[in-house]
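K.L.:
In the numbering used here, the protein residues as written are 419 to 778.
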(Lines of atoms letter the chains of each structure in order from A; the text may use other names.)
(Lines give C-alpha, C1' and ligand atoms only; values in the text may rest on other atoms or scores of the structure.)
Protein backbone atom coordinates (compact mmCIF):
# COMPACT_ATOMS: atom_id res chain seq x y z
CA UNK A 419 0.00 0.00 0.00
CA UNK A 420 2.99 2.29 -0.35
CA UNK A 421 2.09 4.05 -3.64
CA UNK A 422 -0.55 6.68 -4.32
CA UNK A 423 -2.34 4.87 -7.17
CA UNK A 424 -5.90 3.69 -6.75
CA UNK A 425 -6.63 -0.02 -6.86
CA UNK A 426 -9.62 -1.60 -8.60
CA UNK A 427 -10.43 -5.25 -7.95
CA UNK A 428 -13.12 -7.10 -9.90
CA UNK A 429 -15.74 -8.72 -7.71
CA UNK A 430 -17.18 -12.21 -8.06
CA UNK A 431 -20.66 -12.96 -9.34
CA UNK A 432 -23.04 -13.04 -6.37
CA UNK A 433 -26.20 -14.06 -8.24
CA UNK A 434 -28.60 -16.51 -6.62
CA UNK A 435 -30.01 -18.83 -9.28
CA UNK A 436 -33.64 -18.27 -10.15
CA UNK A 437 -34.14 -15.04 -8.20
CA UNK A 438 -35.28 -11.96 -10.11
CA UNK A 439 -35.87 -8.63 -8.38
CA UNK A 440 -36.33 -6.49 -11.52
CA UNK A 441 -38.16 -3.29 -10.54
CA UNK A 442 -38.93 -4.37 -6.96
CA UNK A 443 -35.62 -3.24 -5.49
CA UNK A 444 -36.42 0.38 -4.69
CA UNK A 445 -39.65 -0.63 -2.96
CA UNK A 446 -37.98 -3.07 -0.55
CA UNK A 447 -37.39 -1.56 2.87
CA UNK A 448 -34.50 -2.56 5.10
CA UNK A 449 -35.98 -3.39 8.55
CA UNK A 450 -34.80 -1.39 11.56
CA UNK A 451 -33.30 -4.44 13.26
CA UNK A 452 -31.10 -5.02 10.20
CA UNK A 453 -30.07 -1.35 10.17
CA UNK A 454 -29.06 -1.63 13.83
CA UNK A 455 -26.96 -4.68 12.97
CA UNK A 456 -25.31 -2.72 10.16
CA UNK A 457 -24.60 0.14 12.55
CA UNK A 458 -22.65 -2.24 14.80
CA UNK A 459 -20.73 -3.54 11.77
CA UNK A 460 -19.85 -0.07 10.47
CA UNK A 461 -18.82 1.05 13.95
CA UNK A 462 -16.53 -1.99 14.29
CA UNK A 463 -14.85 -1.23 10.96
CA UNK A 464 -14.42 2.48 11.70
CA UNK A 465 -12.71 1.67 15.00
CA UNK A 466 -10.59 -1.11 13.51
CA UNK A 467 -9.31 1.08 10.66
CA UNK A 468 -9.23 4.25 12.80
CA UNK A 469 -11.20 6.22 10.21
CA UNK A 470 -13.80 8.95 10.75
CA UNK A 471 -16.64 7.10 9.09
CA UNK A 472 -17.84 3.79 7.70
CA UNK A 473 -21.06 3.66 5.71
CA UNK A 474 -23.51 1.39 3.97
CA UNK A 475 -24.65 3.32 0.90
CA UNK A 476 -27.67 2.30 -1.15
CA UNK A 477 -28.43 3.04 -4.79
CA UNK A 478 -32.10 4.00 -4.82
CA UNK A 479 -34.29 6.25 -6.98
CA UNK A 480 -31.25 7.34 -9.05
CA UNK A 481 -29.46 8.50 -5.91
CA UNK A 482 -26.77 7.20 -3.59
CA UNK A 483 -28.24 7.26 -0.11
CA UNK A 484 -26.49 6.64 3.21
CA UNK A 485 -28.64 4.06 5.02
CA UNK A 486 -26.33 3.11 7.87
CA UNK A 487 -23.19 4.53 9.45
CA UNK A 488 -20.74 4.14 12.29
CA UNK A 489 -21.40 5.73 15.67
CA UNK A 490 -18.29 7.93 15.66
CA UNK A 491 -19.84 10.98 14.03
CA UNK A 492 -21.26 9.33 10.92
CA UNK A 493 -24.85 9.13 12.18
CA UNK A 494 -25.64 12.65 11.01
CA UNK A 495 -25.03 11.54 7.42
CA UNK A 496 -27.74 8.84 7.50
CA UNK A 497 -30.45 9.70 5.02
CA UNK A 498 -28.20 11.98 2.98
CA UNK A 499 -28.49 11.30 -0.75
CA UNK A 500 -26.46 12.40 -3.78
CA UNK A 501 -27.81 12.09 -7.33
CA UNK A 502 -26.07 9.64 -9.63
CA UNK A 503 -23.86 11.00 -12.39
CA UNK A 504 -21.29 12.88 -10.32
CA UNK A 505 -18.55 10.28 -10.56
CA UNK A 506 -18.14 9.73 -6.83
CA UNK A 507 -16.11 6.92 -5.27
CA UNK A 508 -19.23 4.88 -4.50
CA UNK A 509 -20.68 5.41 -7.95
CA UNK A 510 -17.50 3.98 -9.47
CA UNK A 511 -17.69 0.92 -7.23
CA UNK A 512 -21.30 0.29 -8.25
CA UNK A 513 -21.05 1.05 -11.96
CA UNK A 514 -17.87 -1.00 -12.47
CA UNK A 515 -18.72 -3.68 -9.88
CA UNK A 516 -15.29 -3.43 -8.31
CA UNK A 517 -13.71 -2.84 -4.95
CA UNK A 518 -11.91 0.49 -4.93
CA UNK A 519 -9.02 1.74 -2.82
CA UNK A 520 -8.00 5.38 -3.15
CA UNK A 521 -5.18 5.96 -0.64
CA UNK A 522 -4.85 9.69 -1.29
CA UNK A 523 -6.98 11.57 -3.83
CA UNK A 524 -4.91 14.68 -3.24
CA UNK A 525 -1.89 12.97 -4.79
CA UNK A 526 -3.80 10.96 -7.40
CA UNK A 527 -4.42 12.65 -10.79
CA UNK A 528 -7.38 10.33 -11.43
CA UNK A 529 -9.19 11.28 -8.23
CA UNK A 530 -8.01 14.79 -7.34
CA UNK A 531 -11.06 16.30 -9.08
CA UNK A 532 -13.49 13.82 -7.56
CA UNK A 533 -16.47 15.51 -5.85
CA UNK A 534 -15.92 13.54 -2.64
CA UNK A 535 -12.49 15.14 -2.36
CA UNK A 536 -13.22 18.57 -3.84
CA UNK A 537 -16.46 19.16 -1.92
CA UNK A 538 -15.93 17.19 1.28
CA UNK A 539 -12.16 16.87 1.57
CA UNK A 540 -12.25 13.07 1.65
CA UNK A 541 -8.78 12.06 0.56
CA UNK A 542 -8.93 8.35 1.34
CA UNK A 543 -11.55 5.79 0.37
CA UNK A 544 -12.02 2.06 0.38
CA UNK A 545 -15.28 0.55 -0.80
CA UNK A 546 -16.78 -2.78 -1.75
CA UNK A 547 -19.87 -3.42 -3.90
CA UNK A 548 -22.91 -4.86 -2.13
CA UNK A 549 -25.42 -6.89 -4.14
CA UNK A 550 -28.99 -7.99 -3.94
CA UNK A 551 -29.55 -11.77 -4.13
CA UNK A 552 -30.06 -11.62 -7.91
CA UNK A 553 -26.63 -10.03 -8.38
CA UNK A 554 -27.92 -6.51 -9.06
CA UNK A 555 -26.38 -3.58 -7.23
CA UNK A 556 -27.59 -2.65 -3.76
CA UNK A 557 -24.83 -0.16 -3.06
CA UNK A 558 -21.50 -0.06 -1.25
CA UNK A 559 -19.84 -0.89 2.06
CA UNK A 560 -17.16 1.74 2.45
CA UNK A 561 -14.86 3.82 4.63
CA UNK A 562 -13.78 7.44 4.16
CA UNK A 563 -10.89 9.42 5.57
CA UNK A 564 -9.90 13.08 5.42
CA UNK A 565 -6.28 11.92 5.60
CA UNK A 566 -4.24 9.44 3.63
CA UNK A 567 -5.79 6.00 4.01
CA UNK A 568 -3.90 2.73 4.40
CA UNK A 569 -5.97 -0.47 4.43
CA UNK A 570 -3.95 -3.53 5.32
CA UNK A 571 -4.72 -6.87 3.69
CA UNK A 572 -6.26 -8.32 6.86
CA UNK A 573 -8.55 -5.29 7.17
CA UNK A 574 -9.61 -5.69 3.56
CA UNK A 575 -10.40 -9.33 4.25
CA UNK A 576 -12.39 -8.34 7.34
CA UNK A 577 -14.45 -5.87 5.33
CA UNK A 578 -15.07 -8.51 2.65
CA UNK A 579 -16.34 -10.94 5.28
CA UNK A 580 -18.62 -8.30 6.80
CA UNK A 581 -19.80 -7.25 3.34
CA UNK A 582 -20.82 -10.90 2.81
CA UNK A 583 -22.77 -10.64 6.05
CA UNK A 584 -24.60 -7.60 4.70
CA UNK A 585 -25.48 -9.55 1.57
CA UNK A 586 -26.77 -12.44 3.69
CA UNK A 587 -29.05 -9.90 5.38
CA UNK A 588 -30.30 -8.78 1.96
CA UNK A 589 -31.08 -12.40 1.08
CA UNK A 590 -33.08 -12.63 4.30
CA UNK A 591 -34.95 -9.39 3.48
CA UNK A 592 -35.68 -10.53 -0.05
CA UNK A 593 -36.93 -13.96 1.00
CA UNK A 594 -39.20 -12.36 3.61
CA UNK A 595 -40.52 -9.92 0.98
CA UNK A 596 -41.05 -12.79 -1.44
CA UNK A 597 -43.00 -14.74 1.19
CA UNK A 598 -45.18 -11.70 1.93
CA UNK A 599 -45.79 -11.17 -1.78
CA UNK A 600 -46.67 -14.83 -2.25
CA UNK A 601 -49.06 -14.74 0.70
CA UNK A 602 -50.72 -11.63 -0.72
CA UNK A 603 -50.91 -13.26 -4.14
CA UNK A 604 -52.48 -16.40 -2.65
CA UNK A 605 -54.97 -14.25 -0.74
CA UNK A 606 -55.97 -12.44 -3.93
CA UNK A 607 -56.10 -15.74 -5.80
CA UNK A 608 -58.41 -17.23 -3.19
CA UNK A 609 -60.78 -14.27 -3.61
CA UNK A 610 -60.77 -14.15 -7.42
CA UNK A 611 -62.87 -15.99 -9.96
CA UNK A 612 -60.44 -17.83 -12.19
CA UNK A 613 -62.37 -17.31 -15.42
CA UNK A 614 -63.45 -13.67 -15.21
CA UNK A 615 -60.93 -12.13 -12.82
CA UNK A 616 -63.61 -10.52 -10.64
CA UNK A 617 -64.43 -11.46 -7.05
CA UNK A 618 -65.62 -15.00 -6.45
CA UNK A 619 -68.69 -15.83 -4.40
CA UNK A 620 -66.89 -16.01 -1.05
CA UNK A 621 -65.12 -12.69 -1.50
CA UNK A 622 -68.30 -11.03 -2.79
CA UNK A 623 -70.32 -12.13 0.24
CA UNK A 624 -67.54 -11.04 2.60
CA UNK A 625 -67.48 -7.65 0.88
CA UNK A 626 -71.25 -7.49 1.31
CA UNK A 627 -70.94 -7.84 5.08
CA UNK A 628 -68.48 -4.95 5.12
CA UNK A 629 -70.63 -2.73 2.89
CA UNK A 630 -73.78 -3.45 4.88
CA UNK A 631 -72.06 -2.59 8.16
CA UNK A 632 -70.76 0.65 6.67
CA UNK A 633 -74.16 1.67 5.37
CA UNK A 634 -75.81 0.78 8.67
CA UNK A 635 -73.38 2.97 10.60
CA UNK A 636 -73.86 5.84 8.15
CA UNK A 637 -77.65 5.27 7.87
CA UNK A 638 -77.07 5.25 4.12
CA UNK A 639 -79.05 3.33 1.48
CA UNK A 640 -77.65 0.09 0.12
CA UNK A 641 -78.70 -1.80 -3.00
CA UNK A 642 -77.87 -5.33 -4.05
CA UNK A 643 -78.09 -6.10 -7.75
CA UNK A 644 -78.27 -9.63 -9.16
CA UNK A 645 -77.81 -10.25 -12.87
CA UNK A 646 -77.98 -13.34 -15.00
CA UNK A 647 -77.13 -14.12 -18.64
CA UNK A 648 -80.30 -14.94 -20.56
CA UNK A 649 -80.45 -18.28 -22.38
CA UNK A 650 -76.87 -19.09 -21.41
CA UNK A 651 -77.45 -22.82 -21.85
CA UNK A 652 -78.47 -22.13 -25.45
CA UNK A 653 -75.22 -20.20 -26.02
CA UNK A 654 -73.20 -23.13 -24.67
CA UNK A 655 -75.18 -25.68 -26.69
CA UNK A 656 -75.02 -23.76 -29.96
CA UNK A 657 -71.50 -22.30 -29.88
CA UNK A 658 -69.72 -24.54 -27.34
CA UNK A 659 -68.47 -24.06 -23.80
CA UNK A 660 -65.35 -22.22 -24.99
CA UNK A 661 -67.63 -19.60 -26.52
CA UNK A 662 -69.65 -19.53 -23.31
CA UNK A 663 -66.49 -18.74 -21.33
CA UNK A 664 -65.64 -15.91 -23.73
CA UNK A 665 -69.16 -14.52 -23.33
CA UNK A 666 -68.80 -14.41 -19.55
CA UNK A 667 -65.40 -12.68 -19.81
CA UNK A 668 -66.78 -10.17 -22.30
CA UNK A 669 -69.81 -9.54 -20.11
CA UNK A 670 -67.65 -8.80 -17.07
CA UNK A 671 -65.55 -6.29 -19.00
CA UNK A 672 -68.68 -4.51 -20.24
CA UNK A 673 -70.24 -4.41 -16.78
CA UNK A 674 -67.07 -3.10 -15.16
CA UNK A 675 -66.82 -0.34 -17.77
CA UNK A 676 -70.20 0.93 -16.59
CA UNK A 677 -69.77 0.70 -12.82
CA UNK A 678 -68.56 3.33 -10.41
CA UNK A 679 -65.28 2.97 -8.54
CA UNK A 680 -67.18 2.21 -5.31
CA UNK A 681 -69.34 -0.57 -6.79
CA UNK A 682 -68.27 -4.16 -6.06
CA UNK A 683 -68.78 -6.82 -8.73
CA UNK A 684 -68.61 -10.56 -8.17
CA UNK A 685 -69.46 -13.88 -9.75
CA UNK A 686 -71.87 -15.92 -7.67
CA UNK A 687 -71.70 -19.03 -9.83
CA UNK A 688 -72.26 -20.10 -13.41
CA UNK A 689 -73.78 -17.19 -15.33
CA UNK A 690 -75.06 -15.38 -12.22
CA UNK A 691 -73.38 -12.24 -10.86
CA UNK A 692 -73.90 -9.71 -8.10
CA UNK A 693 -73.10 -6.05 -7.53
CA UNK A 694 -72.94 -4.18 -4.22
CA UNK A 695 -74.01 -0.55 -4.57
CA UNK A 696 -73.37 1.31 -1.33
CA UNK A 697 -74.95 4.68 -0.59
CA UNK A 698 -77.25 4.09 -3.56
CA UNK A 699 -81.02 4.35 -3.48
CA UNK A 700 -83.38 2.38 -5.68
CA UNK A 701 -83.82 5.05 -8.36
CA UNK A 702 -80.08 5.49 -8.83
CA UNK A 703 -79.51 1.73 -8.80
CA UNK A 704 -82.25 1.27 -11.39
CA UNK A 705 -80.48 3.75 -13.70
CA UNK A 706 -77.17 1.91 -13.29
CA UNK A 707 -78.82 -1.45 -13.97
CA UNK A 708 -80.76 -0.15 -16.99
CA UNK A 709 -77.59 1.26 -18.52
CA UNK A 710 -75.81 -2.08 -18.14
CA UNK A 711 -78.74 -3.99 -19.65
CA UNK A 712 -78.83 -1.57 -22.61
CA UNK A 713 -75.07 -1.74 -23.21
CA UNK A 714 -75.03 -5.54 -23.17
CA UNK A 715 -78.12 -5.85 -25.36
CA UNK A 716 -76.96 -3.32 -27.96
CA UNK A 717 -73.55 -4.90 -28.62
CA UNK A 718 -72.34 -8.34 -29.61
CA UNK A 719 -69.71 -10.64 -28.19
CA UNK A 720 -67.30 -11.63 -30.94
CA UNK A 721 -66.00 -15.18 -30.74
CA UNK A 722 -63.92 -16.54 -33.62
CA UNK A 723 -65.45 -13.96 -35.98
CA UNK A 724 -68.96 -14.90 -34.88
CA UNK A 725 -71.08 -12.15 -33.30
CA UNK A 726 -73.01 -13.72 -30.43
CA UNK A 727 -76.06 -11.76 -29.21
CA UNK A 728 -76.22 -11.54 -25.43
CA UNK A 729 -78.87 -10.13 -23.10
CA UNK A 730 -79.06 -10.07 -19.32
CA UNK A 731 -81.80 -9.81 -16.74
CA UNK A 732 -81.32 -7.87 -13.52
CA UNK A 733 -83.06 -7.92 -10.17
CA UNK A 734 -82.33 -5.46 -7.38
CA UNK A 735 -83.29 -4.81 -3.80
CA UNK A 736 -82.68 -1.57 -1.91
CA UNK A 737 -82.95 -0.99 1.80
CA UNK A 738 -81.39 0.46 4.95
CA UNK A 739 -81.19 4.27 4.91
CA UNK A 740 -82.82 5.16 8.23
CA UNK A 741 -83.65 1.53 9.08
CA UNK A 742 -82.76 0.55 12.63
CA UNK A 743 -81.50 -2.95 11.74
CA UNK A 744 -78.69 -3.97 14.08
CA UNK A 745 -75.18 -4.56 12.80
CA UNK A 746 -75.17 -7.91 14.59
CA UNK A 747 -77.80 -9.15 12.12
CA UNK A 748 -75.71 -8.32 9.06
CA UNK A 749 -75.24 -11.94 7.93
CA UNK A 750 -78.97 -12.66 7.93
CA UNK A 751 -79.60 -9.23 6.47
CA UNK A 752 -77.36 -9.91 3.47
CA UNK A 753 -79.11 -13.23 2.95
CA UNK A 754 -82.44 -11.41 2.90
CA UNK A 755 -81.13 -8.90 0.35
CA UNK A 756 -79.85 -11.71 -1.88
CA UNK A 757 -83.16 -13.59 -1.71
CA UNK A 758 -85.23 -10.49 -2.52
CA UNK A 759 -82.90 -9.43 -5.36
CA UNK A 760 -83.03 -12.99 -6.71
CA UNK A 761 -86.83 -12.94 -6.65
CA UNK A 762 -86.76 -9.68 -8.58
CA UNK A 763 -84.38 -11.28 -11.08
CA UNK A 764 -86.80 -14.19 -11.51
CA UNK A 765 -89.61 -11.72 -12.28
CA UNK A 766 -87.40 -10.05 -14.91
CA UNK A 767 -86.98 -13.45 -16.53
CA UNK A 768 -90.75 -14.09 -16.40
CA UNK A 769 -91.50 -10.74 -18.03
CA UNK A 770 -89.42 -11.40 -21.11
CA UNK A 771 -85.75 -11.10 -20.07
CA UNK A 772 -83.34 -8.34 -21.03
CA UNK A 773 -84.85 -6.01 -18.40
CA UNK A 774 -84.55 -4.76 -14.82
CA UNK A 775 -86.98 -5.51 -11.99
CA UNK A 776 -86.98 -4.23 -8.45
CA UNK A 777 -88.17 -6.04 -5.33
CA UNK A 778 -90.46 -3.15 -4.42
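Even glycine gets a Cβ: it sits at the ideal position worked out from N, Cα and C.
Within the chosen definition, does the segment 449 to 462 reach the segment 487 to 507 through at least 3 CB pairs nearer than 8 Å?
P.N.:
Flag = yes, the segment 449 to 462 and the segment 487 to 507 touch.
K.L.:
What does DSSP give as the partner residue(s) for residue 670 in the beta ladder?
P.N.:
Answer is none; residue 670 lacks a bridge partner.
K.L.:
Whose CA, out of 447, 750 and 689, lies closest to the CA of residue 590?
P.N.:
Taking only the C-alpha atoms, the option nearest residue 590 is 447.
K.L.:
How many Å lie between residue 439 and residue 552 at the Cα?
P.N.:
With a pLDDT of only 49 at residue 439, under 50, the local geometry of the prediction cannot be trusted, and no value is derived from it.
K.L.:
So does the segment 723 to 732 actually touch the segment 607 to 622, counting three or more Cβ pairs closer than 8 Å?
P.N.:
Segments in contact, no.
K.L.:
So, using beta-carbon positions, are residue 627 and residue 748 closer together than 9 Å?
P.N.:
Their beta carbons are under 9 Å apart, which means residue 627 touches residue 748 by this criterion.
K.L.:
Going along the chain, which residues of its own chain have a beta-carbon closer than 6 Å to the beta-carbon of residue 532, five neighbours each way excluded?
P.N.:
Taken in chain order, the residues that qualify are 523.
K.L.:
From residue 519 to residue 545, what does the alpha carbon distance come to, in whole angstroms?
P.N.:
Roughly 7 Å separates the two Cα atoms.
K.L.:
Assuming the contact rule is C-beta atoms closer than 8 Å, residue 484 and residue 498 should be a hit. Round their C-beta distance to whole Å, please.
P.N.:
With 8 Å as the limit, residue 484 and residue 498 qualify as a contact, their Cβ atoms being about 5 Å apart.
K.L.:
Go through its chain and collect everything with a Cβ distance to residue 737's Cβ below 6 Å, but skip five positions before and after it.
P.N.:
Answer for residue 737: no residue qualifies.
K.L.:
For residue 678, tell me which candidate among 659, 710, 647 and 668 has the shortest Cα-Cα distance.
P.N.:
For the residues 659, 710, 647 and 668, the minimum Cα distance to residue 678 belongs to 710.
K.L.:
Would the segment 526 to 540 count as touching the segment 581 to 600 if we require 3 or more Cβ pairs under 8 Å?
P.N.:
They do not touch, by the three-pair rule.
K.L.:
Can you name the residues that DSSP bridges to residue 573?
P.N.:
Answer is none; residue 573 lacks a bridge partner.
K.L.:
Whole beta strand (DSSP E) runs in the segment 471 to 553 with 3 or more residues, listed along the chain?
P.N.:
Qualifying beta strand (DSSP E) stretches, in chain order: 471 to 478, 481 to 487, 499 to 501, 516 to 520 and 542 to 549.
K.L.:
Go ahead and label residue 581 buried or exposed: buried means 16 or more other beta carbons lie within 10 angstroms of its beta carbon, across all protein chains shown.
P.N.:
Its Cβ being crowded by 16 or more others within 10 Å, residue 581 is buried.
K.L.:
Give, in chain order, every unbroken run of the alpha helix (DSSP H) that is at least 4 residues long and sits entirely within the segment 705 to 762.
P.N.:
Whole alpha helix (DSSP H) segments, 4+ residues: zero.
K.L.:
Which residue from 558, 597 and 637 puts its Cα closest to that of residue 699?
P.N.:
Considering only alpha carbons, the answer is 637.
K.L.:
Quick one: give me the first and last residue of the beta strand (DSSP E) that residue 626 is part of.
P.N.:
From DSSP, residue 626 is part of no beta strand (DSSP E) but of the alpha helix (DSSP H) over 619 to 636.
K.L.:
Compare the C-alpha of residue 735 against each of 729, 655, 707 and 728 and name the closest.
P.N.:
Closest option to residue 735, Cα to Cα, is 707.
K.L.:
Could you have a look at residue 767 and say whether DSSP puts it in helix, strand or coil?
P.N.:
Of the three classes helix, strand and coil, the one that applies to residue 767 here is helix, per DSSP.
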